[in-house]
Structures are given as structure tokens and as C-alpha cells.
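Down below is the structure, laid out as C-alpha cells.
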Amino acid sequence: MKKEKTTRKGRKKRISLSTIILTAIFLVGLGIILYPTVSDYWNSFHQTRAIDNYNALVEELDDTDYEALFAAAEEYNEQLRRLGAPFSEYEQLEELYYSVLDVAGTGIIGYINIPKISVNLPIYHGTGDAVLNVAVGHLEGSSLPIGGEARHSVLSAHRGLPSAKLFTDLDQLDVADIFTITVLNQVLTYEIDQVLIVEPTQLEALNVSPGKDYCTLLTCTPYGINTHRMLVRGHRIENIDDRVIVVSPDAQKVPTYYVIPAVGVPLLFIALFIMLVASGRHEAKKTGEEMLEEFKSKGDHNG
Numbered sequence: 261m262k263k264e265k266t267t268r269k270g271r272k273k274r275i276s277l278s279t280i281i282l283t284a285i286f287l288v289g290l291g292i293i294l295y296p297t298v299s300d301y302w303n304s305f306h307q308t309r310a311i312d313n314y315n316a317l318v319e320e321l322d323d324t325d326y327e328a329l330f331a332a333a334e335e336y337n338e339q340l341r342r343l344g345a346p347f348s349e350y351e352q353l354e355e356l357y358y359s360v361l362d363v364a365g366t367g368i369i370g371y372i373n374i375p376k377i378s379v380n381l382p383i384y385h386g387t388g389d390a391v392l393n394v395a396v397g398h399l400e401g402s403s404l405p406i407g408g409e410a411r412h413s414v415l416s417a418h419r420g421l422p423s424a425k426l427f428t429d430l431d432q433l434d435v436a437d438i439f440t441i442t443v444l445n446q447v448l449t450y451e452i453d454q455v456l457i458v459e460p461t462q463l464e465a466l467n468v469s470p471g472k473d474y475c476t477l478l479t480c481t482p483y484g485i486n487t488h489r490m491l492v493r494g495h496r497i498e499n500i501d502d503r504v505i506v507v508s509p510d511a512q513k514v515p516t517y518y519v520i521p522a523v524g525v526p527l528l529f530i531a532l533f534i535m536l537v538a539s540g541r542h543e544a545k546k547t548g549e550e551m552l553e554e555f556k557s558k559g560d561h562n563g
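Take the sequence shown: its position 209, counting from 1, is numbered 469 in the numbering used here, and each next residue is one higher.
Written out as C-alpha cells, the structure reads:
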């Protein structure tokens with residue numbers, strides 16, 4: 261009798277241990293699947309708050325403030341243009357650079373909106389990892405994004421980060437698609453006219469062109485390998501105030517970071533259910549065998 265109790269107690273321990281292991285496997289798998297979505301949502305939430313705070317500060321400025329801020333930015337762009345090689349010599353203006361257009365004191369210049377790929381992110385001074393891991397960075401040595409002739413702004417962001425979407429879908433943009441940049445109370449609209457894949461050291465496509473107002477979006481490519489750079493250039497056009505922006509069917513597809521959890525979570529539940537059922541049948545089989553042994557034992561004892 262004592263042996264029977266010990267056997268049942270051991271079986272309960274085995275069931276408990278198997279349940280713990282299966283639950284742990286499920287939770288780990290669920291965490292791996294949900295991490296990109298949750299992390300991107302968290303990053304988007306914080307970047308939206310950063311944009312809202314920026315807009316609130318901008319609304320407190322008056323016309324005199326706007327004129328002074330834009331004048332300082334234009335002066336910086338003009339000094340930059342006079343440099344023979346702005347991308348290598350911009351250090352001469354580095355101190356001035358980080359002080360211009362920093363109304364929030366956080367380094368935010370403005371923000372970018374790309375309707376086709378649902379991107380709405382703040383733009384910060386510089387392209388250090390602290391910026392590029394969470395938002396869009398303005399490339400040092402390129403024109404500040406305030407428009408004007410003989411100006412070429414370059415905005416960069418990472419692609420393929422598990423923690424944030426950022427410029428991951430930049431390859432979905434085509435010629436004639438548009439994006440906007442908001443700086444202070446000014447909105448600049450750009451229409452894409454060129455998409456290039458270049459070596460990291462090929463900067464010629466980022467140079468200023470006489471009489472042109474360009475903005476180039478820069479990210480790494482191919483996805484996950486990052487040996488080259490994708491340059492998506494737009495030229496300035498009139499703002500589209502009243503026209504409804506029609507998103508192409510391709511852009512309306514459900515994003516991968518929604519599809520994976522939607523498919524993966526049910527599959528994990530199914531896998532967990534199957535494993536639990538299989539474990540239960542195994543334990544039930546063992547219980548039946550033990551009962552048979554017990555019955556035989558009693559029969560032998562009675563005989």
C-alpha cells in the first residue's frame with residue numbers, strides 16, 4: 261500500500277514537471293514571436309509622444325521666433341555649401357550644427373511622414389547609434405531640411421531591427437511616391453524621382469545640385485546583410501493640402517510584424533494542446549498498467 265502511494269506521488273510530480281516544462285517552452289516561444297511587435301509598438305508610442313511634445317513647443321513660438329530659427333538654419337546651410345567637401349569638413353561647423361533648430365533641447369529637428377509605408381518618426385541631429393536605433397537621423401554634412409535652392413538633405417534610419425520598424429519598408433517606395441518633412445511651422449513635400457543602391461563610400465549621389473531642392477532617405481541593404489546603401493531621393497514639390505493621398509494596394513497589405521503573431525500564437529496554443537494531450541495519454545496508459553499490476557497482485561495474494 262505504501263509503495264502504491266509512493267508511485268502515485270511520483271506520478272503527480274512527473275505530471276507537474278512536464279506541465280512546467282511545456283508552459284516554459286510555450287512562454288519562451290510566445291515571447292520570441294511577440295517581441296518584434298511589442299517592441300516596435302513601444303518605440304512608436306514613445307516617438308509619437310516626442311512628436312507631440314515637439315509640436316506643443318512649436319505652437320508656443322511666434323513669427324519672430326520662426327524667422328530667427330529659420331535664418332540661423334539658412335546661415336548654417338550657406339556656410340556648409342561654401343565648404344569644398346562638406347561631408348569631410350563639416351566638423352568646422354559641428355558646434356553650430358547641434359545648436360540650430362533644437363527648440364526642444366532634445367536634438368529634434370522635426371519629423372518625417374511617409375504615407376505609403378506608414379512611417380511617422382522624429383528627425384534628430386546626427387546619425388549616432390542612440391538616434392538610429394529609435395528614430396531618423398539627419399546626416400551631418402548635408403543641408404538642414406528647411407528647403408531652398410542648391411540644398412540636399414539626407415535622412416537616415418536603420419532597417420530590419422527587431423526592436424523598431426523605422427526604415428524597414430523603404431524598399432517598397434517607388435518613383436512618384438511622396439513623403440513630407442515638418443520643421444517648426446513649415447511642411448516640405450518631396451516626390452521620389454530616384455532610387456539607387458550604392459557602395460557605402462559612394463557619396464556622389466548626395467551632393468548638392470545647383471538650383472535643386474533634394475532630400476534623400478538613406479538606409480542599409482540588402483535586408484539583414486547591409487553591405488550596400490539604398491538611397492531614395494525626392495525633389496521638392498508644392499504641398500498637397502486638399503488632395504487625398506491614395507495608398508497603393510501593395511501598401512495596404514497586412515505587415516509581416518502583424519501576420520507573424522496572428523499565425524504564430526494560435527500555432528503555439530495548438531502545439532501546447534497536442535503536447536499536453538500526448539502527455540496525458542502517456543500518464544493514463546501508465547496508470548492503467550499500474551492498476552492491472554495492482555489487480556494481479558491482489559489476485560495472487562487472495563489465491
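Every residue, glycine too, gets a C-beta built ideally from N, C-alpha and C.
Where the beta strand (DSSP E) containing residue i begins and where it ends
{"i": "Q446", "result": "Q446 to V458"}
{"i": "R493", "result": "H488 to I497"}
{"i": "P382", "result": "V379 to H385"}
{"i": "F439", "result": "I438 to V443"}
{"i": "L392", "result": "Where L392 is concerned, there is no enclosing beta strand (DSSP E), although the alpha helix (DSSP H) it sits in stretches over D389 to L392."}
{"i": "T324", "result": "Looking at the DSSP string, T324 is not in any beta strand (DSSP E); the run it does join, the alpha helix (DSSP H), is D323 to R342."}
Length of the line joining the Cα atoms of residue i and residue j
{"i": "I280", "j": "L392", "result": "40 Å"}
{"i": "L277", "j": "I485", "result": "42 Å"}
{"i": "I406", "j": "L317", "result": "18 Å"}
{"i": "G367", "j": "I285", "result": "43 Å"}
{"i": "N445", "j": "G370", "result": "10 Å"}
{"i": "Y350", "j": "N315", "result": "29 Å"}
{"i": "V506", "j": "I438", "result": "Confidence is the limiting factor: at V506 the pLDDT is only 39, short of 50, which leaves the residue's position unreliable and the question unanswerable from this model."}
{"i": "D312", "j": "E319", "result": "11 Å"}
{"i": "G397", "j": "T481", "result": "17 Å"}
{"i": "I372", "j": "L404", "result": "13 Å"}
Residue environment, residue i, which counts as buried when at least 16 other CB atoms sit within 10 Å
{"i": "Q307", "result": "buried"}
{"i": "V443", "result": "buried"}
{"i": "A328", "result": "exposed"}
{"i": "D453", "result": "exposed"}
{"i": "G388", "result": "exposed"}
{"i": "V504", "result": "The pLDDT assigned to V504 is 38, lower than 50, so where the model puts this residue is not dependable, and the model offers no usable value."}
{"i": "N467", "result": "exposed"}
{"i": "R419", "result": "buried"}
{"i": "R489", "result": "buried"}
{"i": "G365", "result": "exposed"}
{"i": "I497", "result": "exposed"}
{"i": "P422", "result": "exposed"}
{"i": "A395", "result": "buried"}
Residue from the options whose Cα sits closest to the Cα of residue i
{"i": "A436", "options": "T283, V318, Y371 and V492", "result": "V492"}
{"i": "S416", "options": "A345, S378, T479 and A331", "result": "T479"}
{"i": "F427", "options": "P375, Q352, L404 and I497", "result": "P375"}
{"i": "C475", "options": "S402, Q339, Q352 and V458", "result": "S402"}
{"i": "N380", "options": "T440, T283, S469 and A331", "result": "T440"}
Integer-rounded CB distance, given that residue j should sit under 8 Å from residue i
{"i": "D322", "j": "G408", "result": "Not quite, the Cβ-Cβ distance comes to about 23 Å (not below 8 Å), so this is no contact."}
{"i": "L477", "j": "A465", "result": "12 Å between Cβ atoms; not a contact."}
{"i": "E344", "j": "A410", "result": "It should be pointed out that residue 344 corresponds to Gly in this sequence rather than to Glu. The Cβ separation is near 15 Å, so there is no contact."}
{"i": "Y357", "j": "Y384", "result": "Wrong, their Cβ atoms sit about 12 Å apart, outside the cutoff."}
{"i": "I377", "j": "D434", "result": "At roughly 11 Å, the Cβ-Cβ gap does not stay under 8 Å, so I377 and D434 are not in contact."}
{"i": "T449", "j": "N499", "result": "5 Å"}
{"i": "E451", "j": "H412", "result": "Their Cβ separation, rounded to whole angstroms, is 15 Å, which puts E451 and H412 out of contact at 8 Å."}
Residue range of the unbroken alpha helix (DSSP H) whose run includes residue i
{"i": "L356", "result": "E354 to Y357"}
Closer than 7 Å to chain D by CB, residue i
{"i": "L317", "result": "Annotation note: the requested chain D is absent from the structure, which comprises a single protein chain."}
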